[in-house]
Amino acid sequence: MIYLNGEYMPLAEARIPVLDRGFIFGDGVYEVIPVYSRRAFRLDEHLQRLQHSLDSIRLPNPYTPAQWQTIIEHVIMLNPWEDQSVYLQVTRGVAPRDHAFPKDTPQTVFVMSNPLTTPPARQRETGVSAVTALDNRWLRCDIKSTALLANVLLRQLAVDAGASETLLLREGYLTEGAASNIFVVRDGVLLAPPKDHRVLPGITYDVVLELAQQHAIRHEVREISEEEVRSADELWLTSSTKEVLPITRLDGQPVANGKPGPIYEVMYGYYQDFKRTVMRGKNT
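Residues in the sequence shown are numbered consecutively from 2, following my numbering.
Written out as structure tokens, the structure is:
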């Protein structure tokens with residue numbers, strides 16, 4: 002069951018006109034919100050990020066935070082899974098094809114849910130592989146835009162190599178993954194690239210840094226060079242669906258000893274404890 006422009010309906014019945022600017026231009030933004038035990042995780046933060054994306058493309062928000070919450074909670078209720086992944090999308094609406102913004106055109110609003118599939122235990126125990134590539138995307142990666150062709154092509158490089166993710170490098174520095182944020186551990190210090198126009202500000206990224214602060218894990222937010230990435234003691238990827246996952250091979254070479262590192266093991270334990278509080282409803 003999904004929500005489309007004011008109506009709840011089965012996904013198979015949903016229809017969007019071909020002149021929707023999301024279809025024609027990729028002129029829209031989206032969010033993905035994990036749901037644990039039917040509670041949307043960090044909904045306020047996701048809606049704040051949605052607002053940032055909408056403001057950045059000069060598209061009015063069609064709903065208040067309270068209205069968004071009602072819609073999202075109803076979609077969660079209409080679907081059968083305890084843990085879900087809610088996808089919402091707002092486009093500039095339906096108008097004759099013209100690059101200029103149409104006037105007084107209602108936005109298209111779409112919300113759907115799927116079962117939340119997190120990485121299996123084996124991936125956390127052994128880690129995953131990744132490849133590197135030049136970050137050739139546009140310079141407003143902080144906008145969660147539906148125009149994801151560059152990310153799709155970069156992510157496919159990992160698929161073609163039998164890997165799980167593509168780490169992106171711009172002018173000799175790490176930005177993020179094709180569909181994730183990336184953390185580096187060197188000499189016992191957790192390193193994170195800064196949140197600027199080159200990266201999407203991840204909600205799980207924020208949680209990891211909050212947990213590092215709470216549990217006195219040494220950490221720095223700063224630019225990370227390609228050399229530091231390639232000689233890292235540990236590499237992690239984070240996202241709403243992958244949570245926190247170790248990368249143990251990069252471009253066919255082991256990361257350190259090729260096994261998840263000790264700081265990852267500690268952080269993963271803290272993350273699981275944190276998630277359990279969310280599932281008990283003590284922190285959403």
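Positions of the beta carbon are idealized from the N, C-alpha and C atoms, including for glycine.
Could you tell me whether the Cβ atoms of residue i and residue j are closer together than 8 Å?
i      : j      : result
Leu192 : Val185 : yes
Val33  : Ser181 : no
Glu177 : Pro195 : no
Val132 : Asp252 : yes
Ala15  : Ile3   : yes
Leu238 : Glu166 : yes
Tyr37  : Val267 : no
Whole angstroms is fine: what's the gap from residue i's alpha carbon to residue j's?
i      : j      : result
Asp234 : Arg187 : 5 Å
Arg59  : Ser114 : 27 Å
His53  : Val112 : 18 Å
His75  : Pro81  : 12 Å
Gln85  : Val95  : 29 Å
Leu210 : Ile144 : 21 Å
Thr287 : Thr249 : This structure cannot speak to residue 287, because the chain is shown only from 2 to 285.
Asn137 : Val222 : 23 Å
Asp105 : Glu8   : 21 Å
Ala162 : Pro103 : 42 Å
Leu170 : Tyr31  : 24 Å
Asp21  : Leu155 : 26 Å
Gln214 : Val208 : 10 Å
Pro255 : Ala13  : 45 Å
Ile204 : His100 : 32 Å
Gln70  : Arg43  : 11 Å
Pro61  : Arg93  : 9 Å
Ala67  : Glu228 : 46 Å
Pro261 : Pro63  : 44 Å
Pro121 : Arg277 : 17 Å
Gln157 : Gly282 : 37 Å
Ser57  : Glu126 : 40 Å
Gly23  : Gln108 : 10 Å
Ile218 : Leu168 : 24 Å
Gln273 : Pro263 : 16 Å
Asn6   : His198 : 31 Å
Trp139 : Glu172 : 14 Å
His220 : Val153 : 31 Å
Which one of the options has the shortest CA to CA distance from residue i?
i      : options                        : result
Pro97  : Leu55, Lys145, Ala257, Pro18   : Pro18
His216 : Phe275, Leu169, Ile248         : Phe275
Met78  : Lys104, Arg39, Gln214, Pro103  : Arg39
Glu83  : Pro35, Ala213, Tyr64, Thr239   : Pro35
Thr119 : Val267, Leu246, Pro263, Ala257 : Leu246
Thr147 : Leu158, Val110, Trp69, Ile204  : Val110
Ala257 : Arg231, Arg125, Leu48          : Arg231
Leu55  : Leu238, Arg141, Leu154         : Arg141
Gly259 : Pro63, His100, Leu158, Gln124  : Gln124
Ile72  : Met10, Pro261, Arg219, Asp197  : Met10
Tyr206 : Gly23, Asn6, Glu46             : Glu46
Glu244 : Gly262, Leu117, Arg281         : Leu117
Pro202 : Leu48, Gly262, Gln108          : Leu48
Gly27  : Ala151, Glu126, Pro121         : Ala151
Mind reading off the beta-carbon distance from residue i to residue j? Whole number of angstroms is fine, and I expect it under 8 Å.
i      : j      : result
Gly29  : Val91  : 6 Å
Tyr174 : Ile225 : 6 Å
Leu212 : Tyr265 : The Cβ separation is near 12 Å, so there is no contact.
Ala41  : Val87  : 7 Å
Leu236 : Ile183 : 7 Å
Ala179 : Ala159 : 7 Å
Exercise. Enumerate, from N- to C-terminal direction, the unbroken alpha helix (DSSP H) stretches of 4 or more residues contained entirely within the region 144–220.
Key: Runs found: 150–161, 204–215.
Quiz item: Quick one: complete beta strand (DSSP E) runs, 3+ long, within the region 227–254?
Solution: Runs found: 235–240, 244–251.
Quiz item: Taking the runs of the beta strand (DSSP E) that are 3 residues or longer, which of them lie wholly in the region 40–94?
Solution: You should have 85–92.
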